[in-house]
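> Each residue of the sequence shown is one higher than the last, beginning at 0 in numbering that gives the first Met the number 0. Note that the Cβ used here is the ideal one computed from N, Cα and C, for glycine as well.
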Amino acid sequence: MRITKYGLITDQQRYFLIKESAVNYAVETLTTGSSLYKMLNDLYRLNQLAEEHIYLVGFTNRGRPLGVFEVSHGTGNVSLIQPREVFMRLLLVGASSFAIAHNHPSGDFTPSGEDINVTKCLKEAGDMMKIPMLDHIIAGSPGYYSFYANGFFAR
């Protein structure tokens, strides 16, 4: 499968996707938290980054990634994200669903209060727009936390 990473540019009137990179990856779908965690570590070293980074993956309705975006690059312990930035990218790429992932440079993948609040906000926005949020992965070292696997999306 081809994994394409996009950026976003503007001409002050509209936003456009720009292809930053594209690589072949040996998996056809990313349907589990572990497969998403592995792909982001294999391609972007998510669990090794020194500052927090938030990645967004938009999917087809069959679980194939349409695009990967670095939505935010923060400091050693915080990175900001808003629904506007997420859904702008998802709509431009034509996603049917999405997942986000970010790292904790400390290696501790326990969700913070802000991680939980952001997940709630994005899940509600996705439900409203009929672009469901599939998971939120927190990458640590070693290991990860999946909001989906821990029952958050069953609520």
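With respect to the beta strand (DSSP E) encompassing P64, which residues constitute its N-terminal and C-terminal limits?
Counting along the chain, the beta strand (DSSP E) containing P64 begins and ends at 64 to 72.
> Ignore the nearest five residues each way along the sequence and tell me which others in P131's own chain have a CB closer than 6 angstroms to its CB.
The answer, listed in chain order, is S96, G125.
> Specify the secondary structure class of T75 as computed by DSSP and reduced to three states.
The amino acid at residue 75 is misidentified as Thr; the sequence shows Gly. In this structure, G75 counts as coil in the three-state DSSP scheme.
> May I ask which residues mark the beginning and end of the alpha helix (DSSP H) holding L121?
Counting along the chain, the alpha helix (DSSP H) containing L121 begins and ends at 112 to 128.
> Please report the Cβ distance between I137 and Y144, rounded to the nearest whole angstrom; I am assuming they are in contact, meaning their Cβ atoms lie under 8 angstroms.
That pair is a contact at about 4 angstroms.
> Measure the alpha-carbon distance for F151 versus G106 and round it to whole angstroms.
Rounded to the nearest angstrom, the two C-alpha atoms are 21 angstroms apart.
> Can the beta-carbon of I53 be found closer than 7 angstroms to that of H101?
Cβ atoms of I53 and H101: closer than 7 angstroms.
> On a CA-only basis, which of A153, G66, F108, Y14 is nearest M38? Give me that one, please.
Of A153, G66, F108, Y14, the residue nearest in Cα terms is G66.
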